[in-house]
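Residue numbers for the sequence shown follow my numbering, so the first one is 1 and each next one is one higher. Every residue gets a Cβ at the ideal spot worked out from N, C-alpha and C, and that includes glycine.
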Amino acid sequence: MICALPLWMDEETLSNPSGALADYRVVISGTHSLGGNEYGWKLVNASNTVVALGSSSAGTMTVPDDVRNGEYTLWYWGQQDGTAAKGWSNKATVPHQQSVTLQGSLTSLPYTGSAHFWWLIALLAGGILLLAGYLYTRAGSWRSLSRSASSSQ
1 MICALPLWMD EETLSNPSGA LADYRVVISG THSLGGNEYG WKLVNASNTV VALGSSSAGT
61 MTVPDDVRNG EYTLWYWGQQ DGTAAKGWSN KATVPHQQSV TLQGSLTSLP YTGSAHFWWL
121 IALLAGGILL LAGYLYTRAG SWRSLSRSAS SSQ
């Protein structure tokens, strides 16, 4: 039988827990003995609906763009992530809960290491290609003008 809920091993806890939410990023920290620094989290709105969730070994995760500024409950826990080779795991610490306020804007996100960075690169590359095409066209028209001027002399 497969259990879909986390199994808490002897009430394993996340020591020194900290969860924050700002600029569309969830930042979680703490220590646990389930192996590594893996974290799981979910963000719940005032209607008790889960609006975002995820897991990460980095402790910093991006909230989806469709989640708006407002008051939320952040649930987070330490977890043990398995692999197909090592065997899957659903072991987790006892979850922590805290009220958080999402404030910030997507324009204030840092561009390093995110999809926003690649959009910026694509826009810059497109602009450079347009400029190069324009200059190439202008250079071609100058060449044809200079050829016609030299042939008429």
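With residue i and residue j assumed to form a contact (beta carbons below 8 angstroms), what rounded beta-carbon distance in angstroms separates them?
i, j, result
"S55", "D81", "7 angstroms"
"Q103", "A92", "With a Cβ gap of about 28 angstroms, Q103 and A92 do not count as contacting."
"Y72", "N48", "11 angstroms between Cβ atoms; not a contact."
"S57", "N37", "6 angstroms"
"I28", "G70", "Contact doesn't hold; Cβ gap of about 20 angstroms is too wide."
"W77", "G40", "5 angstroms"
Where do the ends of the beta strand (DSSP E) carrying residue i lie?
i, result
"V94", "Taken as a continuous stretch (DSSP letters only), V94 belongs to no beta strand (DSSP E), as it is neither H nor E."
"Q79", "70-79"
"Y39", "38-44"
"A20", "15-22"
"G35", "Taken as a continuous stretch (DSSP letters only), G35 belongs to no beta strand (DSSP E), as it is neither H nor E."
"S56", "50-56"
Ignore the nearest five residues each way along the sequence and tell me which others in residue i's own chain have a CB closer than 6 angstroms to its CB.
i, result
"W75", "K42, P95, Q97"
"E12", "T93"
"A132", "none"
"V67", "V51, A52"
Looking only at its own chain, which residues have a Cβ that is under 8 angstroms from the Cβ of residue i, when we skip the five neighbours before and after it?
i, result
"S15", "G30, T31, H32"
"Y136", "none"
"V63", "L21, Y24, R25, V26, L43, A52, L102"
"G35", "Q80"
"T112", "Confidence at T112 is low in this model, with a pLDDT of 44, below 50, so the placement of that residue should be treated as unreliable; the coordinate-derived value is given next. Nothing meets the Cβ criterion."
Using a Cβ-Cβ cut-off of 7 angstroms (strictly less than) and excluding sequence neighbours within five positions of residue i, which residues of its own chain qualify?
i, result
"P110", "Legend: pLDDT at P110 = 44, less than 50; position of this residue unreliable, value from coordinates given subsequently. Same-chain partners within the cutoff: there are none."
"Y134", "none"
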